[in-house]
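Below: one structure, written as structure tokens.
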Amino acid sequence: MTLQIALDPDANVPPYEQLRSQIADQARSGRLPVGRKLPTVRGLAEELGLAANTVAKAYRALEADGVIETRGRAGTFVAAAGDAAERHAAAAAAVYAREAHRLGLTRAEAQAAVADALRAVYGA
């Protein structure tokens, strides 16, 4: 498996976010297996025609999300993202639940708000 990135210069999404999203999707789907070494920041920037800072920003976000891990001079690798993603989602859900409760929403109202948000992101 190789890293396959297709950036859309006409999209209303910044290049670093397109890059972050595509790497995350490929890692979570298994197209980029756990342990796969990723290109260096400079190498990927050159390959995609991006500034090194753009790729570095995407890598930092991916590392913060637990999708990739940096092993010093050894390089950057795909991490076991499932556990980290689930932990982040659970933490975000807990924050949302507390906030919805604080605002006085009923359980049904809070669930409806989540369902609407999920439809907006994932589609019907």
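Each residue of the sequence shown is one higher than the last, beginning at -17 in the working numbering. The beta-carbon is built from N, C-alpha and C at its ideal position, and this holds for glycine as well.
Discussion item. Looking at the secondary structure, which residues open and close the alpha helix (DSSP H) in which V103 lies?
Written reply: 89 to 104
Fill in: Contact set for D(-10): own chain, Cβ-Cβ below 7 Å, skip 5 residues either direction
Only residues of its own chain outside the window of five on either side were considered, and among them Q0 have a CB closer than 7 Å to the CB of D(-10), listed in chain order.
Worksheet item: Run through DSSP, which three-state label would I5 get?
Response: helix
Practice prompt. Note down the Cα distance separating Y41 from I50, rounded to an integer number of angstroms.
Written response: For the pair Y41 and I50, the Cα-to-Cα distance works out to about 8 Å.
Fill in: V37, enclosing alpha helix (DSSP H) - first and last residue
34 to 46
Practice prompt. Taking the CB atoms as reference points, tell me whether A27 and A34 lie closer together than 7 Å.
Written response: yes
Worksheet item: Should G48 be labelled buried (16 or more other beta-carbon atoms within 10 Å of its own) or exposed?
Response: buried
Item to complete: Would you check if the distance between the CB atom of A92 and the CB atom of A99 is smaller than 7 Å?
Response: no
Discussion item. DSSP three-state label for L26, please.
Written reply: helix
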